[in-house]
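Following: one structure in structure tokens, then a few remarks.
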Amino acid sequence: MRAFFEARPQPSRLAVWMAPVLATGATLVIGFIVFEAFDKNPLAAFYAFFIQPVATRYGVAELLLKATPLMLIATGLAIGYRANVWNIGAEGQLTLGAMAGGGLALLAGDDSWPAFVLLPAMFACGALAGMAWAAIPAWLRTRFNANEILTSLMLVYIATLLLSWLVHGPWRDPEGYNFPQSKLFSDNALLPNLLAETRLNVGLALALAIVALAWLFVRRHIVGFEMRVAGLAPAAANYAGISARRNVWLGMLAGGACAGLAGVGEAAGPIGQLLPSMSPGYGFAAIIVAFVGRLHPLGIVLASLLMSLLYLGGESAQMNLALPSAVTGLFQGTLLFFLLAADVFVNYRVRIARSAPRPAT
Amino acid sequence: MDTLTQLVLLSLAAGTPLVFAALGELVVEKSGVLNLGVEGMMLVGAVASFIVAARTQSPWLGVGAGALAAAMLAFVFAVIALTLRANQVATGLALSLFGVGLSAFVGRDFLSVVIEGITPIHIDRLTDIPVVGRLLFGHNPLVYASLVLFACVQWFLYGTRAGLVLRAVGEAPQSAHAIGYHVIAIRYAAVLFGGACAGLGGAFLAVAYTPSWVEGMTAGRGWIALAIVVFATWKPWRVLVGAYLFGSVTLAQFQAQAAGVAVASQLLAMLPYVATIVVLAIISRDATTIRLNAPASLGKAYHPE
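Protein chains in written order, with my numbering: chain Z, 1 to 361; chain W, 1001 to 1305.
Structure representation (structure tokens):
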């Protein structure tokens, strides 16, 4: 008896959508083992990790609040990933977005601009800044053939240092007891709440609107179609005259714009000022969201909720179980591993042959 | 001791983690596999070496543990990317994200632990020879180890039959398979070797260079190592040059501060990353050079049937 992979005549659509479910299940099993290894009652730990954070109205609002930047960034990244454009620097583009949007809020100062002017202007600045930061790897790729994976990642470190410099230096709040942070934004630069007595803001509506727009672009617009073709069959795309250069630019700029918007959403939303770090790794977690969501809008929304729950669960585990919150990163990585492993079933099926003749060597 | 000698000594030390990681990745890529998980493997190597060094009081045992732990992580990559044929780019990214999370998780109790690290050697009389004494006999033992590794990789790839087979697997896996070589097994071996090397690079940081454990202490060196392999156009001796070049750039920050240059530390700290981008653009500009030197099947999954 031996088992081997046999190529399927066609990719399995069932496997495409079952893989994330399978991966989530396998991650839970790993979670069980981790909790067991730390002498926590697994059932109580699962409750504290996955149920308790969303057992209240406030908790659900937090879930949606954290899912907002994740779905937004993943949507932008997915446009590029479909065309094999690997932007992994969304964390840096988010930072630049927060910096530009936040910079405008600080410039506007105390309530001199009405909110309906200031907030859209902040989002516009953030999107442009994110796009500008993403344009660097796009330009280096199209002009110099430089690998966008490495350049976009290097720009994350540069963006973080830039923000750190700003809040330690020129933009530091003079009355902030020397803490590295900017002044608090004025009320007009803060996003209106969506749900009373929670932190959920209109950023969620914006994110959902952009997810829908992106879906229309990918599914209904010829350029979106061409980008998908380029990702699935580069040679065919080339033959059909689809510009690889344009795909790189569009893919990078879409990711940059969405990450920039997410940065403004964080600055003008739950944070309300500029800090040395504007995100607990949303830009990287969004890569996982894009994959787990199968680069599909609906999948991305669901995956962003799952990933948001992992963030909340990590915080809850720290408070209630005395487990380090770094467990979140561990689960995120595990989830992506299992997903990639489960994806083998999309193109292959397992065949078990009874005492198959061994090929002569 | 004059400043120039000091600078050379420091640059070699700063470049050593990159030498380890980039040489390992070079062998991996020569076999046709692109493993973007170097950063994650370095971090896991760093944390494993630090924990074992702290627990056993033996930094050398720590170095071994670092290499082993990172190789185990590389094994996960190999299973998913080689056996299960997942996209190598995505799997490598997953490895880096996972390594960051895993190292932060297991290292949380060791953040302020102090250990006795591996210190530079001192041989009486030899090291005391003016100028050349320190340059020849004053490095950290792991710096010498990295040079031995370089010699071994160079000899293996270009002086042995096994090295020729590995390169053949990277250039034309179908042909290597046709003449009877087990492509997947050879790639497994290369990936594990690359993992162990990345682990050594991380271990050098944690038990010799700093010595301490800080979350994310590799600060992008794994990614810089990937860029160095491109910069080196897949040649071991150029990896060495690139690593020391980048090592000296990371030092420029401290040199400038010591010299009293009035620029914020954050802006100076950007230098290695800016340098990586600039160098990558300059080297990649000539697409033909890259195409001629890169292993032909780099990053492509291999299907035996």
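Beta carbons: idealized from backbone N, C-alpha and C, even for Gly.
With respect to the 8 Å criterion, G89(Z) and P42(Z) are not classified as neighbours on the basis of their beta carbons. Setting aside the 5 residues that flank it on each side, G1299(W) is surrounded in the same chain by L1034 and Q1088, each with a C-beta closer than 6 Å to its C-beta; the list follows chain order. In the displayed model, R349(Z) falls within a strand according to three-state DSSP.
Scanning A1069(W), T1091(W) and L1068(W) for the CA closest to the CA of V1079(W) turns up T1091(W). Proximity to Q181(Z) across N188(Z), D173(Z) and D187(Z) peaks at D173(Z), based on C-alpha coordinates. Here W1234(W) is buried, its C-beta having at least 16 other C-beta atoms within 10 Å. Of the residues A1069(W), L1136(W) and V1027(W), the one whose Cα lies closest to the Cα of V1008(W) is L1136(W).
The secondary-structure analysis by DSSP pairs N1293(W) with nothing; it has no beta-bridge partner. In the three-state reduction of the DSSP assignment, F5(Z) falls in the strand class, which pools E and B. If you keep only unbroken alpha helix (DSSP H) runs of at least 4 residues inside the stretch 50 to 99 of chain Z, you get 57 to 82. In the assembly as shown, V211(Z) is a buried residue. Its beta-carbon has 16 or more other beta-carbons within 10 Å.
Excluding sequence positions up to five before and after G101(Z), its CB lies within less than 6 Å of the CB of M122, C125, G126, V264 and A267, all in the same chain and listed in chain order. For chain W, none of the residues of the stretch 178 to 194 of chain Z brings a beta carbon within less than 7 Å of one of its beta carbons.
Rounded to the nearest whole angstrom, the CA to CA distance from M319(Z) to L153(Z) is 32 Å. Each residue's CA atom was taken as its position, placing R1167(W) and Y1181(W) some 12 Å apart. Against chain Z, the CB of I1290(W) has a partner CB under 8 Å away; the residue lies at that interface. Annotated three-state conformation of N178(Z) is coil, per DSSP. If you look at T160(Z), you'll find it in the alpha helix (DSSP H) that goes E148 to H168.
Here DSSP, grouped into helix, strand and coil, assigns N193(Z) to strand. When secondary structure is reduced to three states using DSSP, N238(Z) falls in the helix class.
The stretch 243 to 257 of chain Z makes no contact with the stretch 48 to 63 of chain Z; the number of CB pairs closer than 8 Å stays below 3. Within the stretch 288 to 312 of chain Z, the residues whose Cβ lies closer than 9 Å to some Cβ of chain W are I288 and F291, listed in chain order.
Neighbourhood of Y1273(W) in chain Z, by CB distance below 7 Å: M154, Y157 and I158, in chain order. Across the structure, D1286(W) and Y81(Z) are spaced so that their CA atoms are roughly 25 Å apart. Annotation: the continuous alpha helix (DSSP H) that includes S1011(W) extends over T1003 to K1030. Against chain W, a Cβ distance below 7 Å from A146(Z) picks out L1280, A1281 and S1284. Looking at the DSSP output, N201(Z) shares a beta bridge with N193(Z). Contact check for G1247(W) against S1011(W) passes: the beta carbons are separated by less than 8 Å.
Between W133(Z) and chain W, the shortest Cβ-Cβ separation is not below 8 Å. One finds I158 and L161 in chain Z with Cβ atoms closer than 7 Å to the Cβ of M1270(W), taken in chain order. Across the stretch 1228 to 1244 of chain W, CB contacts with chain Z closer than 8 Å involve V1230, in sequence order along the chain. Considering only beta carbons, the part of the stretch 1012 to 1036 of chain W lying closer than 9 Å to chain Z consists of L1036, in chain order.
The alpha carbon of S308(Z) has as its nearest neighbour, out of F50(Z), M99(Z) and K40(Z), the alpha carbon of F50(Z). For P1173(W), the closest C-alpha among the options P1295(W), L1280(W) and L1226(W) is that of P1295(W). Annotated three-state conformation of D1128(W) is coil, per DSSP.
Secondary structure of Y1302(W) (DSSP, three-state): coil.
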